[in-house]
Amino acid sequence: MPKSTYDVVIIGLDLPALIFGALAAKKGYRVLVIGHGSKDNVYEVEGFRFVRRPNCFFGFADSTPIREAFRDLALVSEMRNVPRQITPVSSFVFPQARLEVSHARGDFESEIAREFPEALEGFSQLFDHLAEVEKPIESLIAQAPILPLRRFMDFFLHRRLKKEVAPVAPAIEALTKGLLENPFTMAFLCAPLQFMSNIQSPHRFPVPFTRLLGHYLRGFYLVEWGYDALRELFLNRIKGNSGDVRPMDFADVITVRRGRIHEIDLRARDETIGASVLVAGTSLSEVLDLIPPERAKAKYKAKVEAYLPSHYIVTLNIGARREVIPEGMARICFVCKDPRQPLEGANLLMVQIDPAMHPPDEIDQETVSISVSALFPVSKGALEAQRLEAFHKEMLETLRILMPFIDEHRLVLSPSAIGIDQKTGQKVVDKAGLVPIFAEPLPRSLDLISWQIKTAYKNMLFLGEEVSGALGFEGQFLVADIALAHLWKILPLKAMVS
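For the sequence shown, our numbering assigns the number 48 to the initial residue and increments by one for each residue that follows.
Here's what the structure looks like:
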């Protein structure tokens, strides 16, 4: 017998699920969040503050899903004060060239003229017309259609939406064709997008390519304490709207009857929670493991386990003396070893200075935390700590292009995706340090979504980070909106109906 019952129970603390939970609680749904072992993004080693995955924020000023989520949650003042634009946007380093991406167009074009004089006209055309090309995408995102569009009745909606964004493909191709033919300018344009999106090579898809490129040129944002601060913000909104948050609890067994989730037993507690709707806010496979085999949908579980990422973003953290930072380097820097090679593996790095984004008055003037992130290709074999260690050595080799004296100044090395098994003492893969990247978006998703939000269970939704799709950080807010539409269909509130 359930001790208490909630309209929505969220297992896990992935950001899309918490955004959704906060919005649902604001609309009157009773929400419970179970931490289920989720880890903070920021962790500390020998006094250095490191991150499990890079903090990469954009779109606060111009994204409809982000802006409306903050408005609906009465977080307008936080929207104005918490995110601060990072200036300059980034640095970009090749072995033969170094550029600074600046908000000031004149300064940016001077950098391009120095390193890529033959491409200056192409970049100028891109800067002049990109905002106009992006307008249909903003309109599409503002509608927040329920994606992917699979029902028969969705046929006409899908056709209409495709027609609305149809001008984007030829327009962005005309603007970038010459730039993408040159491997150096292609890498300069496309490499940053690899870390902004949850799909591989987003420049292959005109809608996300255009949207992400616009976000990149408008700049990244600093949020003190990064993802952890945003998590706390949305958790507080859930608690402030009669919801409950139990970050230290674990779900143990999920009871299913006739294809519906009914109850969740909590681990190490004599307590059962009733749930009208269950949301997986962490690995979907891990949540499905909590359903007894005799009640589980085996084919669906096998399908979920077979749908693997093509890459993971892995992060290597370094504590060093601050003099290792090159003079004039931006807070975020992209390093490309050889633009003629695929923009993956140790060939491409994103380097962040003080990645935990702690307050300025807590920054040590003598030492510095550095996060180095790269796209680790997933092979068919098991992901092992030894393979990650070898990959980290390759990442350090590429990092020496930017910081040739990193070995002399390095004090601490901490790979975020490698932990120690407490039972065996052996090194193991820590999934909290892996960001999944998928090969392509789902069909009929307008190239925006990389994983189904609906599941095979009638009242269960999936809002782990995998669903963020092509738009990355902005996509987390978009899928929260889509999930709200699903929630309204599954469980309409009587007060809202009346």
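Ideal Cβ positions, reconstructed from N, Cα and C, are used throughout, including at glycine. These numbers come from a predicted model, not from an experiment.
Shown here, glutamate 147 sits in a strand according to DSSP, grouped into three states.
Secondary structure at serine 357: coil, using DSSP grouped into helix, strand and coil. Burial is judged here by how many other beta carbons sit within 10 angstroms of a residue's own beta carbon; isoleucine 379 has at least 16 and is buried. Distance between threonine 471 and proline 183, taken at the CA atoms: about 55 Å. Looking at the DSSP output, phenylalanine 104 shares a beta bridge with Tyr268. Here asparagine 364 is bridged, per DSSP, to Ser418 and Ser461. Around the CB of glycine 375, fewer than 16 other CB atoms lie within 10 Å, so the residue is classed as exposed. Residue range 89 to 92 is occupied by the beta strand (DSSP E) that includes glutamate 91. Nearest to leucine 495 by alpha-carbon distance, out of Gly261, Val254 and Gly287, is Val254. For phenylalanine 139, the enclosing beta strand (DSSP E) starts and ends at 137 to 140.
Contact between leucine 325 and asparagine 506 holds: their C-beta atoms lie close to 7 Å from each other, under 8 Å.
Valine 526 places its beta carbon less than 8 Å from that of proline 63. Counted as a single uninterrupted DSSP element, the stretch harbouring valine 382 is not any alpha helix (DSSP H) but the beta strand (DSSP E) occupying residues 379 to 383. Going by beta carbons, proline 356 and phenylalanine 235 fall outside the 8 Å limit.
In this structure, aspartate 54 sits near arginine 77, with a CB-CB distance shorter than 8 Å. Counting along the chain, lysine 440 sits inside the alpha helix (DSSP H) bounded by residues 432 to 449. Under the criterion of beta carbons closer than 8 Å, proline 195 and leucine 508 do not qualify as touching, at roughly 14 Å. Sequence-distant Cβ neighbours of lysine 344 in its own chain, meaning closer than 6 Å and more than five residues away, are Ala503.
Within the segment 218 to 296, the complete beta strand (DSSP E) runs of at least 3 residues fall at 291 to 293. A direct Cα-Cα distance of roughly 10 Å separates tryptophan 498 from asparagine 245. Where threonine 52 is concerned, the enclosing beta strand (DSSP E) starts and stops at 51 to 58.
Counting along the chain, proline 483 sits inside the beta strand (DSSP E) bounded by residues 481 to 484.
Per DSSP, methionine 376 lies in no alpha helix (DSSP H) segment and is marked neither H nor E.
Taken through DSSP and simplified to helix, strand or coil, methionine 397 comes out as strand. Judged by DSSP secondary structure, serine 323 falls within the beta strand (DSSP E) whose first and last residues are 319 to 327. With a cut-off of 8 Å on Cβ pairs, the segment 149 to 168 is not in contact with the segment 289 to 300, counting fewer than three such pairs.
Contact check for valine 398 against glycine 480 fails: the beta carbons are separated by 8 Å or more. In this structure, the beta-carbon distance from threonine 232 to leucine 173 does not fall below 8 Å. Runs of the alpha helix (DSSP H) lying entirely within the segment 503 to 540 and spanning at least 4 residues, in chain order: 519 to 537.
In the assembly as shown, isoleucine 66 is a buried residue. Its beta-carbon has 16 or more other beta-carbons within 10 Å. Beta-bridge partners of lysine 474 (DSSP): Ile467. Annotation for alanine 403: no beta strand (DSSP E) segment contains it, and DSSP assigns it neither H nor E.
Cβ-Cβ distances below 6 Å link glycine 466 to Val475 and Asp477 in the same chain, with the five nearest sequence neighbours on each side left out; the list follows chain order. Across the set Leu226, Glu211 and Tyr359, the C-alpha of Tyr359 shows the shortest separation from the C-alpha of arginine 100.
Excluding the 5 residues flanking it on each side, glutamate 211 has same chain C-beta neighbours closer than 8 Å at Pro183, Ser186 and Leu187, in chain order. A straight-line Cα-Cα distance of about 14 Å links serine 330 and alanine 349.
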